[in-house]
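**Q** Numbering (this note's numbering), first residue to last: 5 to 213.
1. Using a Cβ distance threshold of 8 Å, determine whether the region 45-58 contacts the region 80-87, with at least three qualifying pairs required.
2. By a C-beta neighbour count over all protein chains shown, 10 Å radius and 16 as the cutoff for buried, is residue 173 buried or exposed?
3. Kindly indicate the opening and closing residues of the alpha helix (DSSP H) around residue 167.
4. Using a threshold of 7 Å, state whether the C-beta atoms of residue 143 and residue 121 are closer than that.
5. Do residue 149 and residue 159 have their CB atoms nearer than 7 Å?
6. Is residue 61 closer than 7 Å to residue 97 when the C-beta atoms are compared?
7. Sort 131, 153, 156 and 44 by Cα distance to residue 101 and report the nearest one.
8. In this structure, how does DSSP classify residue 126 when only helix, strand and coil are distinguished?
9. Whose CA, out of 134, 39, 146 and 154, lies closest to the CA of residue 124?
10. Taking 7 Å as the cut-off, decide whether the C-beta atoms of residue 1 and residue 48 are in contact.
11. Answer with buried or exposed for residue 162, where buried requires no fewer than 16 other C-beta atoms within 10 angstroms of its C-beta.
12. Which residue marks the beginning of the alpha helix (DSSP H) containing residue 1, and which one marks its end?
13. Could you check the C-alpha separation between residue 145 and residue 39 for me, to the nearest Å?
14. Quick check: residue 64 and residue 75, are their CB atoms within less than 7 Å of each other?
15. Count the other C-beta atoms from every protein chain shown that fall within 10 angstroms of the C-beta of residue 128, then say buried if there are 16 or more, exposed otherwise.
16. Can you tell me which of the three DSSP states residue 160 falls into?
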């Protein structure tokens, strides 16, 4: 019987995790998984199940060592962007674990290569507003945002951040282009980027009284 259970376990675990995630079995199915290391290795070998596990905040809270191990294996996570997306999209969990957020959001090069995942970062307005220094780095890549309008759409919904940092707004980018074409007005705007719009307007008014 034990041998049969060992053979059938992977299939049963898939059913339990999917059922637990959907609410049919609740947490009982998820609790049938083995110890942390075995669970982590098994999830690595079954990314479709890992994807559903990452979407389940309760399961993540109950298995911190497994989550830590999976996230620490940066290569595995980067090789499975669909799995990573579920974790990035689990904003309630990420916001309650700032160290995890720091690690995930710092991987900007990889995020730039996976706009679907990056979009989830910009959706997390609560975290970005609490961590403006990180947000500035994410919003500073204007060219990339211009090339990914679906991501930019989410980014520019963050009115709270943009009201405090207008230099990162769409208008600021537009006026930077205007200032580039009119170097006479650039010096003031360079020192005070949040005043780029007024700098250009002042220069234009003087030029055309």
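Here a beta-carbon is modelled for each residue, glycine too, at the ideal position from N, C-alpha and C. As the structure is a prediction and not an experimental result, all values here were calculated from the model.
**A** Here's the rundown:
1. yes
2. buried
3. 163-168
4. no
5. yes
6. yes
7. 131
8. helix
9. 154
10. Residue coverage of the chain in this structure runs from 5 to 213, which leaves residue 1 outside it and unanswerable.
11. buried
12. Look at the range of the chain in this structure, 5 to 213, and you will see that residue 1 is not part of it.
13. 42 Å
14. no
15. buried
16. coil
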